[in-house]
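For the sequence shown, position 130 matches number 175 in the numbering used here, and the numbering has no gaps at all. Where a beta carbon is used, it is the ideal one built from N, C-alpha and C, also for glycine. Keep in mind that this is a model prediction, so the values were computed, not measured.
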Amino acid sequence: MKRLLLLNILLLTSLLGVAQTQQGYVKTKGRMDANGKLVPGQGLKGAVVSVQGHTAVLVNADNGKFSFPVTGSQFRLDSVKKQGYQMVDVEACTRPYKYSGNPLFIVMETPEQQLKDQVASERKIRRNLLKQLQEKEEEIEELRASQKITEEEFDRALQKLYEEQESNEKLIKDMAKRYSELDYDQLDEFYRQVSFFIENGELVKADSLLETRGDITAQVTEIKQRGQAIQQKKEELQKVEAVQQADIEEAARRCYSYFETFSAKHLNDTAAYYLELRSSLDTTNTEWLVKTAWFVTQYLADYDKAMVYLNKALEIDMSALGENHPTVATRYNDIGSVSRFQGNYEKAMEFDNKALEIRLSTLSKSHPDIAVSYNNLGTLYADLGDFEKASEYLNKALEIWLSVYGEDHPEVASYFNNLGSVCSKLGEEEKALEYYNKALGINLSVYGENHPNVALSYNNIGFFYWKHDNNEKALEYYNKALEIRLSVLGANHPDVAVSYNNIGTVYGRKGDYETAIEYHIKALKISLSVYGNDHRDVATDYNNIGVMYYRQGDYPKALEYLNKALQIKLPILGENHPEVASCYNNLGAIYMNLGNYEESLKCLKKALGFYSSALGEDHPVTLKIKEKYSEVEAKMKE
């Protein structure tokens with residue numbers, strides 16, 4: 046018996062090591078012609094497919110077919126290269142793939158063709174949106190002509206219509222990008238038509254076609270109920286699971302098509318609902334979980350909900366891949382980023398360092414993912430006031446990105462922006478402006494005028510002019526940033542609060558304290574609604590309002606708001622941070638004006654301790670605080 050058992054174990058071990066063959070194709074995109082008919086893509090002979098842990102595969106077949114062995118249940122691509130071509134899906138080499146009897150499709154196009162497709166798609170979308178605008182204008186005109194609405198209602202209806210049209214700019218860019226990357230070969234005829242209608246702006250037709258499949262919510266409910274039945278009928282498991290998986294994929298495609306329809310209408314809450322509905326279909330699909338997390342992060346600023354999805358994705362990937370895997374590092378990176386948005390810097394530091402540690406041990410030192418980790422740590426150190434370390438990490442990141450993508454890539458623009466901010470904090474102002482302008486040039490060329498990244502560049506350039514006392518230029522750039530953010534992100538987004546705060550500081554410097562306070566209170570309302578009471582951005586808003594009241598001479602109100610700011614910042618940043626020191630300095634001045642010299646000296650002493658250590662005894666800021674300290678001591682002796 047023992048000998049037989051050993052034989053069985055050896056046989057099992059041998060079987061586990063047998064490689065399976067994964068088939069695939071390297072091809073160009075399938076397209077739809079003007080009449081909605083499929084124009085299939087073409088195979089790309091001569092491409093080289095590199096799979097982690099395997100020898101690179103040269104594609105010799107005219108139809109682009111290739112194959113490679115897979116020893117486990119999953120595999121990852123290192124790269125796919127063909128001279129003159131680039132991968133349409135830029136994230137194809139960052140995600141894990143499950144072995145499947147279905148072929149893997151890798152879609153490539155020339156950069157010129159990809160740009161041409163995006164421009165053509167954008168042109169088509171713009172024309173259709175303009176046509177819709179004209180039709181709606183005519184409808185409103187007819188209502189007025191038939192006296193079904195008043196002149197005032199007519200004006201309001203047109204104003205609302207034009208506001209909606211302005212908000213479509215980000216939608217146009219996003220849709221053009223999505224449809225320039227879409228491979229129609231991989232869709233069945235039903236979804237080809239749905240996507241074709243959406244691409245051509247015929248959203249009613251797309252919606253009607255989707256509705257022919259019935260109520261999607263009811264279908265999802267039915268799928269879930271069937272899933273419970275699977276557990277009770279083990280003998281039918283394989284057949285039922287096959288049906289279940291097909292229905293899940295079909296329902297998921299419908300959910301995503303609904304998501305695209307509503308995001309095209311800029312109805313972000315409803316769009317998010319369909320992403321969440323899709324995620325509920327298969328709670329083990331990490332790609333769906335992460336897509337949902339980042340949509341609710343970027344467009345809804347719902348960081349708690351995003352964290353639920355990201356933690357679930359991390360749990361799944363760690364179970365499937367182990368702790369030391371690049372995909373697990375990406376999950377750590379995602380959680381670190383959202384933690385930073387929440388103001389939880391300790392957790393962000395922990396997860397960003399975990400991501401970097403895994404990436405350094407599993408990837409080449411010039412891999413783009415390592416640059417992402419360096420960037421995240423750099424921005425985190427900047428938030429914590431350690432600008433030397435921030436500069437060190439950001440320069441490491443930039444060096445990698447420049448070597449991989451050159452100077453005209455949107456990711457490089459984000460590094461230029463981050464480096465510019467750090468240079469500004471280090472007093473290297475001209476260098477900061479140089480980086481900001483480089484970032485702006487790249488962002489404008491890649492995204493056009495109406496994009497959050499362009500708004501960030503305008504904001505940073507505005508800050509440069511603010512620091513150089515050029516109030517008019519600062520306001521010009523700050524207002525440009527605000528205009529974009531309002532149109533793209535909506536009125537209750539944290540980035541809009543940042544713009545309100547920045548504009549408020551300019552009015553404060555101009556001596557218009559009422560207007561300044563008005564803008565800072567707008568910012569505070571947004572921050573409180575997004576973050577709650579204990580976030581760093583809320584503290585910044587309190588601080589700014591307090592400073593404006595101080596300049597107005599309303600010392601009790603200034604004291605109230607600055608103490609609120611300090612109470613939030615201390616547990617988050619600690620005593621040894623420039624923002625905390627600034628709070629103490631401001632409080633010291635207020636207590637002096639209120640005649641409370643003892644409290645004034647306590648606050649000024651804490652501020653002086655930080656600035657003496659950070660800037661040196663002879664720095665102008667340090668000397669100014671010393672002068673104020675001496676002034677308070679003199680008043681105490683009077």
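Please tell me whether Tyr-460 and Leu-471 are closer than 7 Å, where the distance is taken between their beta carbons.
no
Are the beta-carbon atoms of Gly-423 and Asp-397 separated by less than 7 Å?
no
Unbroken alpha helix (DSSP H) run spanning Gly-381, endpoints
371-387
Proximity winner among Tyr-318, Pro-156, Glu-182, Glu-154, relative to Tyr-344 (alpha-carbon distances)
Tyr-318
Closer than 6 Å: Tyr-229 CB and nearest the ligand COA heavy atom:
Looking at this structure, you won't find the ligand COA or any other ligand, since it has none at all.
Distance between Leu-334 and Leu-57 (C-alpha atoms, nearest Å)
Summary for Leu-57: the model assigns pLDDT 28, below 50, so the residue's position carries little reliability; its value from the coordinates is reported in the next sentence. The C-alpha of Leu-334 is placed about 35 Å away from the C-alpha of Leu-57.
Express the C-alpha separation of Glu-360 and Leu-55 in angstroms, rounding to a whole number.
Model confidence at Leu-55 stands at a pLDDT of 27, short of 50, so the residue's coordinates are unreliable; what they give is reported in the following sentence. Roughly 32 Å separates the two Cα atoms.
Is the beta carbon of Leu-122 less than 7 Å from the beta carbon of Cys-138?
yes
Segment limits, beta strand (DSSP E) that includes Gly-633:
Note, Gly-633: premise wrong, no beta strand (DSSP E); alpha helix (DSSP H) at 623-638.
Leaving out the 5 sequence neighbours to the left and right, which residues in its chain are closer than 6 Å to Pro-665 when beta-carbon positions are compared?
none
Roughly how many angstroms separate the alpha carbons of Glu-433 and Ser-469, rounded to a whole number?
Taking the straight line joining both Cα atoms gives about 12 Å.
Using the C-alpha atoms, what's the distance from Glu-157 back to Ala-519?
Computed Cα separation, rounded: 38 Å.
DSSP beta-bridge partners for Leu-103?
According to DSSP, which records beta bridges pairwise, Leu-103 is partnered with Val-93.
Cβ-based neighbour list, Lys-218, same chain, cut-off 8 Å, excluding 5 preceding and 5 following
Glu-167, Tyr-492, Gly-493, Asn-495, His-496
Shortest alpha-carbon distance to Asn-621 belongs to which of Leu-653, Glu-517, Glu-437?
Leu-653
Give me, in chain order, the residues of the same chain whose beta-carbon lies closer than 6 Å to that of Glu-226; leave out the 5 immediate sequence neighbours on both sides.
Closer than 6 Å at Cβ, skipping near neighbours: Val-133.
Sort out for me which residues DSSP pairs Pro-114 with in a bridge.
Thr-66
Anyone know if the C-beta pair for Phe-111 and Gly-146 falls short of 7 Å?
no
Status (buried if at least 16 other CB within 10 Å, exposed otherwise) for Leu-611
buried
If you measure between the beta carbons of Val-239 and Ala-251, is that distance less than 7 Å?
yes
Per DSSP, which one or two residues make a beta bridge with Ile-151?
Val-71
Return the chain-ordered list of same chain residues with a C-beta closer than 6 Å to the C-beta of Asn-356, the five sequence neighbours on each side being excluded.
none
Alpha carbon of Met-637 to alpha carbon of Lys-651, nearest angstrom:
15 Å
Give the secondary structure of Arg-121 by DSSP, where H, G and I count as helix, E and B as strand, and everything else as coil.
coil
For Val-288, is the classification buried or exposed, using 16 other Cβ atoms within 10 angstroms of its Cβ as the cut-off for buried?
Counting Cβ neighbours within 10 Å, Val-288 comes out exposed, since fewer than 16 surround it.
Reference Asn-630; option with closest CA among Lys-647, Glu-295, Glu-643:
Lys-647
Count the other CB atoms within 10 Å of the CB of Asp-162; is the residue buried (16 or more) or exposed (fewer)?
buried
Nearest candidate by alpha-carbon position, reference Glu-437, set Trp-446, His-412, Val-417, Leu-464
Leu-464
Rounded to whole angstroms, how far is the Cβ of Ala-351 from the Cβ of Ala-338, which I believe are closer than 8 Å?
4 Å
Which value, in whole angstroms, describes the spacing of the CA atoms of Thr-116 and Ala-101?
16 Å
Within 10 angstroms of its Cβ, does Tyr-303 collect 16 or more other Cβ (buried), or is it exposed?
For Tyr-303, the number of other beta carbons within 10 angstroms of its own is at least 16, and it is reported as buried.
For Leu-405 and Thr-550, the rounded distance between their alpha carbons
42 Å
Arg-581 and Gly-430 look like a contact to me (Cβ under 8 Å); what is the Cβ gap, rounded to whole Å?
Contact doesn't hold; Cβ gap of about 12 Å is too wide.
If you run the structure through DSSP and keep just helix, strand and coil, what is Gly-549?
helix
DSSP puts Val-84 in a beta bridge; with which residues?
Arg-76
Hey, out of Asn-504, Lys-336, His-370, whose CA is closest to Ile-403's CA?
Per the Cα distances, His-370.
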